[in-house]
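Below: the structure, in structure tokens.
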Amino acid sequence: MNAIRHERPRDSARIDSVILAAFGSMDEVKLVQLVRARGEAVLSLVAERDDEIIGQALLTPIILKPAWPAPLRLFGLGPISVAPEYQRAGVGSSLMHAAIEESRTLEADAIFLLGDPGYYERFGFRETHIGNEYGVTREFMVLELREKCLRDVRATAHYVAAFGEAGA
-6 MNAIRHERPR DSARIDSVIL AAFGSMDEVK LVQLVRARGE AVLSLVAERD DEIIGQALLT
54 PIILKPAWPA PLRLFGLGPI SVAPEYQRAG VGSSLMHAAI EESRTLEADA IFLLGDPGYY
114 ERFGFRETHI GNEYGVTREF MVLELREKCL RDVRATAHYV AAFGEAGA
């Protein structure tokens, strides 16, 4: 059984190891380290089994440019990492469901992510008309937690600067 909880300060080295194993590169590790060092995480969740961290999901703020006049609380989900030996065992799904529920608790209006539509559509994510700083179309997806909150928005979504700086 997997337990999902909030990241603690003493977890960072173990989380970094999971991210490196999951992605096979330091880019995502550097990204999470920068976000952590700058205090920019809205939420960092870990999956644990037998006191071992086996997964992590990170949420950061999304900023619209040009600024949108209506107040919106938008999050970006990613990276989401699962140790290779626990992939395809429901750990990623558990992290996704927990991240969505925690975002509802934090009164987020919507969650954006860049990822495989075939995987993320099952969680309710859909292609969006909102642009993004990477120019990605089909893989840039949104889950509106407050129905139709983005209907009239004409802007580009931007992640925190660490995403561009870390190379992820």
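Residue 157 in this note's numbering sits at position 164 of the sequence shown, with consecutive numbering throughout.
C-beta atoms are modelled at their ideal positions from N, C-alpha and C, and glycine is treated no differently.
First and last residue of the uninterrupted alpha helix (DSSP H) at residue i
i	result
Phe16	Ser5 to Phe16
Alpha carbon of residue i to alpha carbon of residue j, nearest angstrom
i	j	result
His122	Arg81	31 angstroms
His79	Asn125	Reading the sequence as shown, one finds Tyr at residue 79 and not His. For Tyr79 and Asn125, the distance between alpha carbons rounds to 31 angstroms.
Glu158	Ile47	26 angstroms
Asp43	Ile(-3)	12 angstroms
Met89	Phe116	8 angstroms
Burial state of residue i, where buried means 16 or more other Cβ atoms lie within 10 Å
i	result
Leu99	exposed
Gly69	buried
Ala50	buried
Thr53	buried
Glu45	exposed
Residue i beta carbon near the ligand SAM (any heavy atom closer than 7 angstroms)
i	result
Gly128	Because no ligand of any kind appears in the structure shown, any question about the ligand SAM cannot be addressed here.
Residue i - partner residues in DSSP beta bridges
i	result
Gln49	Val39 and Ser74
Ile123	Partner(s): none; Ile123 has no beta bridge.
Residue range of the beta strand (DSSP E) that includes residue i
i	result
Ala150	Thr149 to His151
Val167	The structure shown does not extend to residue 167, since the chain spans only -6 to 161, so no value can be given for it.
Leu57	Ile56 to Lys58
Where in the segment 68 to 121 do unbroken runs of the beta strand (DSSP E), each at least 3 residues long, occur, reported from the N-terminal end onward? DSSP runs (the beta strand (DSSP E)) wholly in the segment 68 to 121: 103 to 107.
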